[in-house]
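Undergrad:
Protein chains: 2
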Amino acid sequence: MSKGLLIVLSGPSGVGKGTVCSELRKRMPDLIYSVSATTRQPRLGEENGVNYFFKSREQFLEMIENDQLLEYAEYVGNFYGTPRDFVEETIASGKDIILEIEVQGALKVKEKFPEGVFVFLLPPSLDELKGRIQGRGTENQATIDHRMSVAAHEIGLMENYDYAVVNDEIDHACQRIQSIVIAEHCRIRKQGKC
Amino acid sequence: MSKGLLIVLSGPSGVGKGTVCSELRKRMPDLIYSVSATTRQPRLGEENGVNYFFKSREQFLEMIENDQLLEYAEYVGNFYGTPRDFVEETIASGKDIILEIEVQGALKVKEKFPEGVFVFLLPPSLDELKGRIQGRGTENQATIDHRMSVAAHEIGLMENYDYAVVNDEIDHACQRIQSIVIAEHCRIRKQGKC
Chain V
1 MSKGLLIVLS
11 GPSGVGKGTV
21 CSELRKRMPD
31 LIYSVSATTR
41 QPRLGEENGV
51 NYFFKSREQF
61 LEMIENDQLL
71 EYAEYVGNFY
81 GTPRDFVEET
91 IASGKDIILE
101 IEVQGALKVK
111 EKFPEGVFVF
121 LLPPSLDELK
131 GRIQGRGTEN
141 QATIDHRMSV
151 AAHEIGLMEN
161 YDYAVVNDEI
171 DHACQRIQSI
181 VIAEHCRIRK
191 QGKC
Chain C
1 MSKGLLIVLS
11 GPSGVGKGTV
21 CSELRKRMPD
31 LIYSVSATTR
41 QPRLGEENGV
51 NYFFKSREQF
61 LEMIENDQLL
71 EYAEYVGNFY
81 GTPRDFVEET
91 IASGKDIILE
101 IEVQGALKVK
111 EKFPEGVFVF
121 LLPPSLDELK
131 GRIQGRGTEN
141 QATIDHRMSV
151 AAHEIGLMEN
161 YDYAVVNDEI
171 DHACQRIQSI
181 VIAEHCRIRK
191 QGKC
C-alpha cells in the first residue's frame, strides 16, 4: 500500500483557506483533517480529538520537548500546535491528510516535513484581498493596513511552496487542488504510482 | 502570459501511448501535438506540418548539426526527430504541447529539455503487457520475448520520469494525465500560477 500525502493549505489571512478547506473535505470524503493540539479550554460542544486535542500546559511543553509537534505557536496565552503523530499515522495508513495553516506555521512544518505538498492559496489580487478583509467589518483602518502589509510579505514567501492556486472562485480553486492531489499520487519521487 | 508546458508521454511499446494520446487530444482541444520531422516520403493524404515535417536527408542532417532536434533516430533507413523550434514556439505562445515517444527518445529529450513534464505510462502488469503484444497477432515468440525484455528494462528507467500513470483503463489514465497538466500549471518552479 502506498503512503498518503500531507497537504498543507496555506496563504495570507483573508484569502479563504477555511472555506476552501471545508469544500475540499466535502468533495474528498476520504481526506483527513489535521487536528491541532491546544492548551485552551474546550468550548461547549467541542470534542477532544475532533475539534482539538486538548492538552494541559505541562503536556504541551512535553510535546515540544519531545519534538512531537510539526509546528506550534502561542496566541493570547494559549499554545496551539500540529501533532506529528497524527499526521504520520494517517499517511502511514495510506490516507491523505490536509493541514490548514497560516504562512509562518506552514514554513515551520516544511522544515520538519519537507515531503509534504505545500499549496499557497493566492487572492486574485491584493485589492481583492483588501476588500475581503474590509468586508468582515471587524477591523479598523490601522489593522487593515497592517494585515495588508503582512499579506504582501507573505506572498513574497510563496516561492517556498510547491504550488500556487488563485482563489478566484471556490469551485476552480478546489478543482485545482484536487488535481494537485491526484498528480502528487502519480509523482515518481513518492515511489507510488497511480 | 505564462508559458505552456511540454508534456512527454512515453512508456514501453504496447502500453497504449497512441490510444491515450488520441483520447487526450479529444478531451483537451487546446493541446498541441508535437509533429515529427522525417526524411521518409509522404504517404497519400499526409500533409507537411500536420502528419510530419517532410525533410530531405540534407535538411535533416543540417538540423542535427544545428541542434534543432530535441532527439532523433534512424529507422529502416529514414530519420525521424522532434524539431525543437515547433516545441519552443508552441510553449512560448502559452499553449501546451504533447510529445508521444518511446522511452529512449524521451530520455534524450529530457537531456535537452529538462523542464518538460515526463509521464511514464505503465501497463497494469507485465502479464497484461504481454497479452497486449501477443494480441496484435503480428509477432512471433522470439519477437514477443525480446519486446518483453526491452519493456522490463524500460520500466527500470521510469525513475528518470516525473510521473507514472498506470494505463489500467483509458478514462482513468487520461483523467490522471489531465490532473498532472493542471497541477503542473500551478507548480511554483514554473513561475506560473493558476
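Chain order of the listed sequences is V and C. Residues 1 to 194 (the UniProt record's numbering) make up the first sequence, in order. Residues 1 to 194 (the UniProt record's numbering) make up the second sequence, in order. Note that beta-carbon positions come from the ideal geometry of N, C-alpha and C, so glycine has one too.
(1) DSSP three-state label for residue 239 of chain V, please.
(2) How many whole angstroms separate the CB atoms of C:S71 and C:V109, which I take to be in contact at a CB cut-off of 8 Å?
(3) May I ask which residues mark the beginning and end of the alpha helix (DSSP H) holding C:I180?
(4) Leaving out the 5 sequence neighbours to the left and right, which residues in its chain are closer than 8 Å to V:K35 when beta-carbon positions are compared?
(5) Assuming V:L122 and V:V150 form a contact by the criterion Cβ under 8 Å, report the distance between their Cβ atoms to the nearest whole angstrom.
(6) Using the beta-carbon of each residue, which ones in chain V are nearer than 9 Å to C:R176?
(7) Between the alpha carbons of V:A37 and V:S56, how many angstroms are there, rounded?
(8) Whose Cβ in chain C lies nearer than 8 Å to the Cβ of V:E159?
(9) May I ask you to verify whether the stretch 142-159 of chain V touches the stretch 5-22 of chain V, counting CB pairs closer than 8 Å and requiring at least 3?
(10) Are the stretch 172-184 of chain V and the stretch 113-131 of chain V touching by the rule of at least three beta carbon pairs closer than 8 Å?
(11) Three-state secondary structure (DSSP) at V:E100?
(12) Per the DSSP calculation, C:L122 is bridged to which residue(s)?
(13) Comparing the C-beta of residue 198 of chain C with each C-beta of chain V, is any distance below 8 Å?
(14) Taking buried to mean at least 16 other C-beta atoms within 10 Å of its own C-beta, is V:R136 buried or exposed?
(15) Excluding the 5 residues flanking C:Q191 on each side, which residues of the same chain have their C-beta closer than 8 Å to its C-beta?
(16) Can you check DSSP and say which residues form a bridge with C:S36?
(17) What three-state label does DSSP hand V:R69 in the structure shown?
(18) Considering V:V8, what are the terminal residues of the beta strand (DSSP E) in which it resides?
(19) How far does the alpha helix (DSSP H) with V:S22 in it extend, from its first residue to its last?
(20) Less than 8 Å separating the beta-carbons of C:K95 and C:G4?
(21) Is DSSP giving V:E62 helix, strand or coil here?
(22) Using DSSP bridges, identify the partner residues of residue 216 of chain C.
(23) V:V20 and V:A106: beta carbons closer than 8 Å?
(24) Report all residues from its chain with a CB closer than 7 Å to the CB of C:Y33; omit the five preceding and five following residues, and keep chain order.
(25) Please classify C:E154: does DSSP put it in a helix, a strand, or coil?
(26) Out of curiosity, what's the CA-to-CA distance linking C:F60 and C:E100?
(27) What's the C-alpha gap between V:S93 and V:L6?
(28) Keeping to the same chain, check which residues put their C-beta closer than 8 Å to that of C:L129; ignore five residues upstream and five downstream.
(29) In whole angstroms, what is the alpha-carbon distance linking V:I157 and C:L157?
(30) Taking DSSP as the reference, what is the three-state secondary structure of V:E128?
(31) C:T39 and C:N78 - do their beta-carbons sit closer together than 8 Å?
(32) Roughly how many angstroms separate the alpha carbons of C:S125 and V:I144, rounded to a whole number?
(33) Secondary structure at C:E89, three-state DSSP: helix, strand or coil?
TA: This is what the structure gives:
(1) What the structure shows of chain V is the stretch from 1 to 194, and residue 239 of chain V is not part of that stretch, so it cannot be assessed.
(2) It is worth fixing the name first, because residue 71 of chain C is Glu in this sequence and not Ser. So it is a contact: roughly 5 Å between Cβ atoms.
(3) Under the DSSP assignment, C:I180 falls in the alpha helix (DSSP H) whose first and last residues are I170 to C186.
(4) At residue 35 of chain V the sequence reads Val, which differs from the Lys that was named. Take V:V35, set aside five residues on each side of it, and the residues of its chain with a beta-carbon closer than 8 Å to its own are G49, V50, N51, Y52, F53, P83 and F86, in chain order.
(5) About 15 Å separates the beta carbons of V:L122 and V:V150, which is beyond the 8 Å limit, so they are not a contact pair.
(6) Taking the beta carbon of C:R176 as reference, the chain V residues within 9 Å of it are I182, A183, H185, C186 and C194, listed in sequence order.
(7) V:A37 and V:S56 have their C-alpha atoms roughly 10 Å apart.
(8) Here the neighbours are I188.
(9) Pairwise C-beta distances place the stretch 142-159 of chain V in contact with the stretch 5-22 of chain V, as three or more of them are shorter than 8 Å.
(10) Counting Cβ pairs under 8 Å, three or more are found: they touch.
(11) Strand at V:E100.
(12) The partner list for C:L122 (beta bridge, DSSP) reads C:V166.
(13) With chain C running from 1 to 194 in the structure shown, residue 198 of chain C is simply not present.
(14) V:R136 should be labelled exposed.
(15) Any answer about C:Q191 is weak, because its pLDDT of 48 lies below 50 and its placement is not dependable; what the coordinates show is given next. Closer than 8 Å at the Cβ level, and outside the excluded window around C:Q191, lie S2.
(16) Partner(s): C:Y52.
(17) The sequence shown places Leu at residue 69 of chain V, not Arg. The answer is strand: DSSP assigns V:L69 an E or B state.
(18) Secondary structure note for V:V8: its beta strand (DSSP E) is the uninterrupted segment L6 to S10.
(19) Unbroken alpha helix (DSSP H) run through V:S22: K17 to R27.
(20) Closer than 8 Å, so yes.
(21) Residue state, collapsed to three classes: helix.
(22) One cannot answer for residue 216 of chain C here, as it falls past the ends of chain C, which runs 1 to 194.
(23) Not a contact, by the Cβ cut-off of 8 Å.
(24) Excluding positions up to five away in sequence, the list reads R25 and I98.
(25) Taken through DSSP and simplified to helix, strand or coil, C:E154 comes out as helix.
(26) C:F60 and C:E100: Cα-Cα distance of roughly 20 Å.
(27) Distance between V:S93 and V:L6, taken at the CA atoms: about 12 Å.
(28) Within the same chain, and ignoring the five residues on either side of C:L129 in sequence, the residues whose Cβ sits closer than 8 Å to its Cβ are P12, G14, V15, P123, M148 and A151.
(29) The question names Ile, yet the displayed sequence has Leu at residue 157 of chain V. In this structure, the alpha-carbon of V:L157 lies about 35 Å from that of C:L157.
(30) DSSP, reduced to helix, strand and coil, places V:E128 within a helical segment of the structure shown.
(31) Against a cut-off of 8 Å, the Cβ pair of C:T39 and C:N78 comes out as a contact.
(32) The C-alpha of C:S125 lies about 58 Å from the C-alpha of V:I144.
(33) In the three-state reduction of the DSSP assignment, C:E89 falls in the helix class, which pools H, G and I.
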